[in-house]
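The structure appears below as structure tokens.
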Amino acid sequence: MYWEKYLKVKTLHEAMEILKLYQGKARLIAGGTDLVLQLREKKKRVSVLVDISDLPELQYIKEEHGQIKIGAMTTHSQLAASPLLWEKVIVLAQAASSVGSPQIRNVGTVGGNIVNAQPAADTVVALMALDAKVVVFNNDGGEEKIPFSELFLGVGESKIDPTSQLLKEISFSLLPEMRSSLGRLARRKALALPILNIGIVLSVNKKENRLHEARICVAPVAPVPMRMKEAEKTLLSRKLSDELLISASKAAFDAADPRNSKLRGNTAYRKELVRVMTYRTLKTALATRGGVGDEAGSITV
Amino acid sequence: MLKSRAGGISEMKKRGCGIGSMWYGIGNTGLPNPSGAFVQVLDDCTVIIHTGCADIGQGSTTVLAQIAAEELGVNFNDISVICADTGVTPDAGKTSASRQTYISGNAVRKAAQSAKETIFKKGAELLQVPEEELILKNYQLNSLKNYNIQISLKEIMAKCREDGTLVIGHGWFNPQTKGLDKRGQGIPYATYAFATQWVEVEVDTETGEIDILNVVAAHDVGKAVNPMAVEGQIEGGSVMGAGYALMEEIILDDGKIINSSFSNYLIPTIKDVPCVNSIIVEEEEVTGPFGAKGVGEPALIPTATAIANAISNALGIRFYELPITPEKILNSLKTANNTNKNQRDF
Numbered sequence: 000m001y002w003e004k005y006l007k008v009k010t011l012h013e014a015m016e017i018l019k020l021y022q023g024k025a026r027l028i029a030g031g032t033d034l035v036l037q038l039r040e041k042k043k044r045v046s047v048l049v050d051i052s053d054l055p056e057l058q059y060i061k062e063e064h065g066q067i068k069i070g071a072m073t074t075h076s077q078l079a080a081s082p083l084l085w086e087k088v089i090v091l092a093q094a095a096s097s098v099g100s101p102q103i104r105n106v107g108t109v110g111g112n113i114v115n116a117q118p119a120a121d122t123v124v125a126l127m128a129l130d131a132k133v134v135v136f137n138n139d140g141g142e143e144k145i146p147f148s149e150l151f152l153g154v155g156e157s158k159i160d161p162t163s164q165l166l167k168e169i170s171f172s173l174l175p176e177m178r179s180s181l182g183r184l185a186r187r188k189a190l191a192l193p194i195l196n197i198g199i200v201l202s203v204n205k206k207e208n209r210l211h212e213a214r215i216c217v218a219p220v221a222p223v224p225m226r227m228k229e230a231e232k233t234l235l236s237r238k239l240s241d242e243l244l245i246s247a248s249k250a251a252f253d254a255a256d257p258r259n260s261k262l263r264g265n266t267a268y269r270k271e272l273v274r275v276m277t278y279r280t281l282k283t284a285l286a287t288r289g290g291v292g293d294e295a296g297s298i299t300v
Numbered sequence: 000m001l002k003s004r005a006g007g008i009s010e011m012k013k014r015g016c017g018i019g020s021m022w023y024g025i026g027n028t029g030l031p032n033p034s035g036a037f038v039q040v041l042d043d044c045t046v047i048i049h050t051g052c053a054d055i056g057q058g059s060t061t062v063l064a065q066i067a068a069e070e071l072g073v074n075f076n077d078i079s080v081i082c083a084d085t086g087v088t089p090d091a092g093k094t095s096a097s098r099q100t101y102i103s104g105n106a107v108r109k110a111a112q113s114a115k116e117t118i119f120k121k122g123a124e125l126l127q128v129p130e131e132e133l134i135l136k137n138y139q140l141n142s143l144k145n146y147n148i149q150i151s152l153k154e155i156m157a158k159c160r161e162d163g164t165l166v167i168g169h170g171w172f173n174p175q176t177k178g179l180d181k182r183g184q185g186i187p188y189a190t191y192a193f194a195t196q197w198v199e200v201e202v203d204t205e206t207g208e209i210d211i212l213n214v215v216a217a218h219d220v221g222k223a224v225n226p227m228a229v230e231g232q233i234e235g236g237s238v239m240g241a242g243y244a245l246m247e248e249i250i251l252d253d254g255k256i257i258n259s260s261f262s263n264y265l266i267p268t269i270k271d272v273p274c275v276n277s278i279i280v281e282e283e284e285v286t287g288p289f290g291a292k293g294v295g296e297p298a299l300i301p302t303a304t305a306i307a308n309a310i311s312n313a314l315g316i317r318f319y320e321l322p323i324t325p326e327k328i329l330n331s332l333k334t335a336n337n338t339n340k341n342q343r344d345f
């Protein structure tokens, strides 16, 4: 058997109590779409599983004071079906729609996706570009807020310890004139792990034809999802133009350092894709706002 | 979402067309591979067929029922097929080598003809006309010379019941081949299928991705006993051919297969399937049941060739190794002195 005890809890408090009691031998399970495979392949070991899928207080998507707040147990399907996300944060809606397969999206949660900490995880890339923060409960009763930039320590390694901590909520701020897009490259059109995932979030200054803010997250080009800081700086440095986008893409190309991979391709090929896809995703992001092409106010580049 | 294949903002795409043709022998190469069948017509004019033929999803059970129904002049829905039960059905060989429509089809047709002989004999007696003059169609036996001379199949079966005659037939068929000698010479197949496929592709010269826009597949099947099933074979084969050309690859690392799961040994999903236009060509095969031969494997064969040719037409570069992946495309575009003048100068 892959576990000794399987406990389904009815309250958050119950979950934290059990984690505290078992002192590292118990572990939270959400949808289980990653964890169960890992347990079966003996990549992870556990004595007790604490199932938190029955906690409705962890499933929500809401807008509050210019922020979007998402409960950690919200499934990818729920995110992908949210009119709020398609209208205001298209990059996250697109990301949630791309995860795995319909079956996985119905069961897998955004919280689980984050704690599983694969660098190119679709929602992770989008949330990194959104500068998201997470609220984490500790089993001593305390609570902390961790920015996304500090969450990922390595491939499969998140700062959150699922034997003692519970990821409760993900939140991020909406930006003025926000434009976003997810650029995804894979070896076929569905059911394929990404060769490249690029999440781009922009805040546009229409009057002066430049950007207030620019965030580009690219993966997998490192053990953790990577924000392209040089490229972002370039994009803020002057007025928008095709040449500016090309410069930013070149900066992303320079910063990317993916290894030679038999499954994903060699370094030169993967770097080239970073350059091409950064440019294309920037153009797409500028041309759309939410789910609607914004003809009247579109930025000419 | 920007799926980089989507047309629009800034892709550098090149289109090309290519053709692949093939011919393929039907049946086991140079070896005997017979099929047998039993057919029984019952009092209520329904029919039972026994055949060893295993339907693996291509629709052989349907086709064999159609052949018997056509031969015996009854409705397809009145045919029962007992198939692939080694306890009771006669040997019909393997379902492979694109052979079942041709060989088991012939066996069932012959078995139905054998049962029909009893019906004709009884009919000739009752109608007082020679057997050669009779035709069995729509549950009715008619004289070809005088259509008014007729008797229903029901009546014939009743008369048979009266005098204790059973309407049972058996048949078997083996294609005429000659084993290959030590120089590889002989007659390996009794008949061949022919096909040509035309493919149109679009290549993204910046990401190397290939989109198959259209496939037109013309296949000579002798006679399409079930046209929809033939189209199904052609479409399925073409999609598999597309996967063979662009996706399927066993990836080794130090002798170990690192993509041994269907999550990373890739074949096309429904979203990757191109538009396949099937053209059924019927060049009657005289040795086949109602002129039919085979299409199972032929459907797969020309596609990869057509795709490779189409990519060559689009880019001016030949690929001799499958799968043709985006990485290989980009590498070739770089090394060939084929500098695409339109390519963005990064």
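Chains U and Y supply the protein sequences, listed in that same order.
Straight run, no breaks: the first sequence in numbering that gives the first Met the number 0 ends on number 300.
Straight run, no breaks: the second sequence in numbering that gives the first Met the number 0 ends on number 345.
Here a beta-carbon is modelled for each residue, glycine too, at the ideal position from N, C-alpha and C.
Check                                                                                                               : Outcome
Whole beta strand (DSSP E) elements within the region 24-90 of chain Y, 3-residue minimum                           : 34-40, 46-50, 78-82
Per-residue burial, Lys-115/Y [other beta carbons within 10 Å of its own, 16 or more giving buried]                 : buried
Cross-chain neighbours of Gly-264/U in chain Y, by beta carbon under 7 Å                                            : Glu-326
Residues near Ala-125/U in its chain [Cβ-Cβ closer than 7 Å; skip 5 each side]                                      : Val-90, Leu-91, Ala-94, Leu-181, Gly-198
Beta carbon of Val-220/Y nearer than 7 Å to that of Asn-276/Y                                                       : no
Proximity winner among Gly-153/U, Leu-272/U, Arg-263/U, relative to Thr-206/Y (alpha-carbon distances)              : Leu-272/U
Secondary structure of Val-154/U, DSSP reduced to three states                                                      : coil
Interface residues of the region 198-223 of chain Y facing chain U [CB-CB below 7 Å]                                : Glu-205, Thr-206
Ala-194/Y burial status per 10 Å Cβ neighbour count (16 or more: buried)                                            : buried
Top-ranked residue by Cα proximity to Ile-118/Y, from Leu-143/Y, Ala-305/Y, Val-40/Y                                : Val-40/Y
Backbone CA spacing between Gly-289/U and Thr-74/U [nearest angstrom]                                               : Only weak support exists for where Gly-289/U lies, its pLDDT of 47 falling under 50; the coordinates are left without a value.
Three-state secondary structure assigned by DSSP to Tyr-1/U                                                         : coil
Pairwise C-alpha distance: Ile-194/U and Asp-224/Y                                                                  : Per the sequence shown, the amino acid found at residue 224/Y is Val instead of Asp. About 45 Å.
For Leu-173/U and Ile-60/U, believed in contact at Cβ under 8 Å, the rounded distance                               : That pair is no contact at about 13 Å.
Cβ pair Leu-165/U, Phe-147/U closer than 7 Å                                                                        : no
Within-7 Å CB hit, Leu-34/U to chain Y                                                                              : no
Minimum Cβ-Cβ distance from Ala-213/U to chain Y less than 7 Å                                                      : no
DSSP state of Asn-259/U mapped onto helix, strand, coil                                                             : coil
contact_flag[the region 147-160 of chain Y, the region 260-271 of chain Y] where n(CB pairs < 8 Å) is 3 or more     : no
Entirely enclosed alpha helix (DSSP H) segments - the region 196-257 of chain Y, minimum 4 residues                 : 226-245
Asp-241/U, enclosing alpha helix (DSSP H) - first and last residue                                                  : 241-254
Within the region 124-191 of chain U, ranges of the alpha helix (DSSP H) (whole runs, at least 4 residues)          : none
Cβ of Ala-189/U within 7 Å of any chain Y Cβ                                                                        : yes
Thr-117/Y, DSSP secondary structure in three states                                                                 : helix
Endpoints, beta strand (DSSP E) assigned at Lys-136/Y                                                               : 133-136
Helix, strand or coil at Gly-6/Y [DSSP, three-state]                                                                : Reliability of the predicted coordinates at Gly-6/Y is poor, the pLDDT of 37 falling under 50, and no value is obtained from them.
The region 157-171 of chain U contacting the region 117-132 of chain U, beta-carbon criterion three pairs below 8 Å : yes
Short CB-CB distance (under 7 Å) between Leu-348/Y and chain U                                                      : This structure does not reach residue 348/Y, given that chain Y is present from 0 up to 345, and the question cannot be answered.
Chain-ordered chain Y contacts of Glu-271/U [CB-CB under 7 Å]                                                       : Leu-329
Closer than 7 Å to chain U by CB, Lys-270/Y                                                                         : yes
Pairwise C-alpha distance: Asn-258/Y and Leu-251/Y                                                                  : 8 Å
Status (buried if at least 16 other CB within 10 Å, exposed otherwise) for Tyr-21/U                                 : buried
Contacts of Val-178/U in chain Y (Cβ-Cβ under 7 Å)                                                                  : The question names Val, but residue 178/U is Arg in the sequence shown. Near Arg-178/U there are no residues of chain Y at all, since even the closest Cβ is about 13 Å away, more than 7 Å.
Beta-carbon neighbours of Tyr-268/U, restricted to chain Y and to distances below 7 Å                               : Glu-326, Leu-329
Close beta carbons around Ala-91/Y, own chain, < 6 Å, minus the five adjacent residues each side                    : Ser-34, Thr-50, Gly-51, Cys-52, Ser-103
Cα-Cα separation, Cys-274/Y to Gly-264/U                                                                            : 29 Å
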